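Q: Can you read through this structure? Questions will come right after.
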Amino acid sequence: MTEVLEIAKKSLFKKGFLDMDIDPTLDLVEEINKLKKVKNAIILAHYYQESEIQDVADYIGDSLGLSQKAESTDAEMIVFAGVHFMAETAKMLNPHKKVVLPDLNAGCSLADSCPAPIFKKFKEKYPDHVVVSYINCTAELKTLTDICCTSSNAEVIINSIPSDKGIIFAPDKNLGAYLIKKTGREMILWDGACMVHEIFSREKITKLKHRNPEAKFIAHPECEEHILEMADFIGSTSQMLKFTQEDESCTFIVGTEAGIIHQMELASPDKTFIPAPPENNCACNECPHMRLNSLEKLYLSMKYELPEILLDDWIVEKGRKCIDAMLDISAKAGFKA
Ligand code: 13P
Ligand code: SF4
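According to the numbering used here, the sequence shown is numbered sequentially starting from 336.
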């Protein structure tokens, strides 16, 4: 009976439906570290994961760093503490390895805002254009993309495209608008956005700045233009982290998902970090997708090697090209994980 129950639970967990009961006396960190060794597994975590996940990770980084690490790892199993498109990217780079995501429902509003079949029709209107997609998109969208980019390397990627070529940029209209300003290139933008970065309140940030005149406001380029206009620094998560370490200011208002503050505090324990306030009084500056992962689910995903990311061969073959193109340009430009 116990065995049948175990199989049933495993099957539900595989589909991402169940947070299985775990012995509450178990030291999860110790168990996770044991599983890492036994299974030759690596835990890759994004900065937006909860602190206790970041603390057990082998590598914590932004989307570019995570892709570079996924590409270079010798581990047999990749445990991706992030969202679905990140784990899919790791799988495309490692089609013969096992890639697991602690919660299969950890999606991304930005990736969801650009369904591949609709984008395909949109793209047909501009047959001579190069398609650049932000890595926050589905594997299927990557099959319709020429070059991927992340917020770290987006400017370099756009500048690598011959100036006489038209560009379609998908799916993030905010990052796209920011890049048009930075590079001076005209681009056709897909109308997508991230639900977390569209929630910041200009009025509340203005008040915070007024109350903390010494504070610097730092923002992620997924934020809307009226928020970016107020920023003292704009960059990817890893660039924001680096800025807080190198800048002489002692206080920072952080305009991105609040999970990154954990690494900022670890790196600069004497500095103060204030999460940029959202429009409502909710915890909207925490990504509901990223936060579906938990230490418990991470442990279970390693123990059962589930839920696994599985992709059709044609998606891997076709979708990988735009990731390889991005990694190539990034390596030549000196980006290292
Ligand atoms: P980066 O960490 O690459 O800046 O991306 C932020 C993000 O929204 C990931 O989902
Ligand atoms: Fe997607 Fe935004 Fe969450 Fe990043 S923060 S995973 S872009 S919804």
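Ideal Cβ placement from N, Cα and C applies to all residues, glycine included. Note that this is a predicted model, so its numbers are computed, not measured.
1) Please list, in chain order, all residues of the same chain as Lys544 whose beta carbon is under 8 Å from its beta carbon, the five residues on each side excluded.
2) Candidates Lys656, Glu423, Asp663 and Asn440: which alpha carbon is nearest Lys433's?
3) As a quick exercise: from Glu581, Ser402, Gln384 and Leu379, pick the residue whose alpha carbon is nearest that of Ser663.
4) So, at 8 Å on beta carbons, what are the nonlocal neighbours of Glu490 in its own chain, with the 5 sequence-adjacent residues on each side left out?
5) Exposed or buried, what is Gly654 when buried is set at 16 or more other beta-carbons lying within 10 Å of its beta-carbon?
6) Does DSSP classify Glu643 as helix, strand or coil?
7) Quick check on DSSP: helix, strand or coil for Phe670?
8) By DSSP, does Ala566 sit in helix, in strand, or in coil?
9) Using beta-carbon positions only, say whether Phe535 and Gly590 come within less than 8 Å of one another.
10) Looking at C-beta atoms only, is the number of pairs between the segment 631 to 646 and the segment 394 to 411 that lie closer than 8 Å three or more?
11) Run through the DSSP bridge pairs and tell me what Pro613 is partnered with.
12) Does the beta-carbon of Leu399, which I'm using as the reference point, lie nearer than 7 Å to any heavy atom of ligand 3?
13) Of the choices His431, Gly669, Lys577 and Gln598, whose alpha-carbon is the least far from that of Tyr382?
14) Just the Cα atoms here: how many angstroms apart are Pro450 and Phe670?
15) Can you find a heavy atom of ligand 2 that lies under 7 Å from the Cβ of Glu559?
16) Identify, in the order they occur along the chain, each residue of the same chain with its Cβ nearer than 8 Å to the Cβ of Phe352, setting aside the five sequence neighbours on each side.
17) Check whether the segment 389 to 402 touches the segment 446 to 464, taking contact to mean three or more Cβ pairs, one atom from each stretch, closer than 8 Å.
18) Going by Cα to Cα distance, which pick from Asn547, Phe568, Arg546 and Gly527 is closest to His555?
A: So, to answer that:
1) Residue numbering aside, residue 544 sits at position 209 when the sequence shown is read from its first letter. Contacts found: Ala550, Phe552, Met565 and Ile588.
2) Taking the sequence shown and counting its residues from 1, the one referred to as residue 433 is at position 98. The shortest Cα separation from Lys433 among Lys656, Glu423, Asp663 and Asn440 belongs to Glu423.
3) Taking the first residue of the sequence shown as 1, we reach residue 663 at position 328. According to the sequence shown, residue 663 is Asp rather than Ser. If we check each option's Cα against that of Asp663, Ser402 comes out closest.
4) For this step, residue 490 is matched to residue 155 along the sequence shown. Once the five neighbours on either side are set aside, the close Cβ partners of Glu490 are Leu514, Lys517 and Thr518.
5) Translated into the one-based positions of the sequence shown, residue 654 becomes position 319. Per the 10 Å Cβ criterion, buried.
6) On the sequence shown, residue 643 is found 308 positions in, with the first residue counted as 1. Correct three-state label for Glu643: strand.
7) Within the sequence shown, residue 670 is the residue found at index 335, counting from 1. It is coil, neither helix nor strand.
8) Stepping through the sequence shown from its first residue, residue 566 is reached at position 231. In the structure shown, Ala566 sits in coil (DSSP, three-state: anything other than H, G, I, E or B).
9) Along the sequence shown, one-based indexing puts residue 535 at 200. Along the sequence shown, one-based indexing puts residue 590 at 255. The answer is yes: Cβ separation under 8 Å.
10) Between the segment 631 to 646 and the segment 394 to 411, the count of Cβ pairs shorter than 8 Å is below three; the stretches do not touch.
11) For the purposes of this step, residue 613 is taken as residue 278 along the sequence shown, with counting starting at 1. Paired residues: Phe535.
12) By its list of ligands, the structure shown excludes ligand 3, since it contains just ligand 1 and ligand 2.
13) Mapped onto the sequence shown, residue 382 falls at position 47. The option with the nearest alpha carbon to Tyr382 is Gln598.
14) To locate residue 450, count along the sequence shown from 1; it is residue 115. To locate residue 670, count along the sequence shown from 1; it is residue 335. Computed Cα separation, rounded: 30 Å.
15) Along the sequence shown, read from residue 1 onward, the residue named residue 559 stands at position 224. For ligand 2, not one heavy atom lies less than 7 Å from the Cβ of Glu559.
16) Taking the sequence shown and counting its residues from 1, the one referred to as residue 352 is at position 17. Note that Phe352 scores 46 on pLDDT, short of 50, meaning its location in the model is unreliable and no value can be drawn from it.
17) no
18) Taking the sequence shown and counting its residues from 1, one reaches residue 555 at position 220. Comparing Cα-Cα distances from His555 to each of Asn547, Phe568, Arg546 and Gly527, the minimum goes to Phe568.
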